[in-house]
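*Asks:* Residue numbers (full-length UniProt numbering): 1 to 178. Quick reminder that beta carbons are idealized off the backbone N, C-alpha and C, glycines included. Computed from a predicted model, the values in this text were never measured in an experiment.
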């Protein structure tokens, strides 16, 4: 007889969950996964610092989500998982095809100064240089921003949106969409 887990009250599901013993891990312990973290936007010698920041991130989850994954997590508690997804696509900015990086955590749109310089003579980008500030980047450095292209038409798979895109003097990627 199959039991629908959705019909079991959450409190009963939690009470029936077997808790596996865990070892105490402190901040200073090395976390040495069996794979190497590789990122194009983070320098290798700063990856450990980035990983430490990622491990400290707070996440929000509903009780329903927690109950649905809790058993699987407890069974595989000794495995290490960390993923901060990003993807690349060649799409259009102001009608020009450009390779873009989707960075889920950045919350800011950036283009390199080289991309801006390629778009400007074609009248595809107008910069507002009065918006100048510094931004702390993923490499724990500081990037000087040259300004902002306030109305940048971004076309991804036929979906067109106008976004402000900041122009950076130090970003290595052509375009980062956050």
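What's the gap between the Cα of residue 8 and the Cα of residue 59?
*Replies:* Cα to Cα, the separation comes out at about 26 Å.
*Asks:* Kindly indicate which residue of 161, 146 and 175 has the alpha-carbon position closest to the one of residue 99.
*Replies:* If we check each option's Cα against that of residue 99, 175 comes out closest.
*Asks:* Using only the alpha-carbon positions, how far apart do residue 115 and residue 165 sit?
*Replies:* Approximately 11 Å between the Cα atoms of the pair.
*Asks:* Unbroken beta strand (DSSP E) runs of length 3 or more, entirely within the segment 121-174: which are they?
*Replies:* Runs of the beta strand (DSSP E) inside the segment 121-174: 134-136, 142-156 and 159-168.
*Asks:* Can the beta-carbon of residue 126 be found less than 8 Å from the beta-carbon of residue 171?
*Replies:* Contact: no.
*Asks:* Would you mind reading off the limits of the alpha helix (DSSP H) that contains residue 110?
*Replies:* No alpha helix (DSSP H) contains residue 110, which is instead part of the beta strand (DSSP E) from 110-112.
*Asks:* Count the other C-beta atoms from every protein chain shown that fall within 10 angstroms of the C-beta of residue 130, then say buried if there are 16 or more, exposed otherwise.
*Replies:* Label assigned to residue 130: exposed.
*Asks:* Any idea if residue 16 is buried or exposed, counting beta-carbon neighbours within 10 angstroms, 16 or more meaning buried?
*Replies:* Burial call: exposed.
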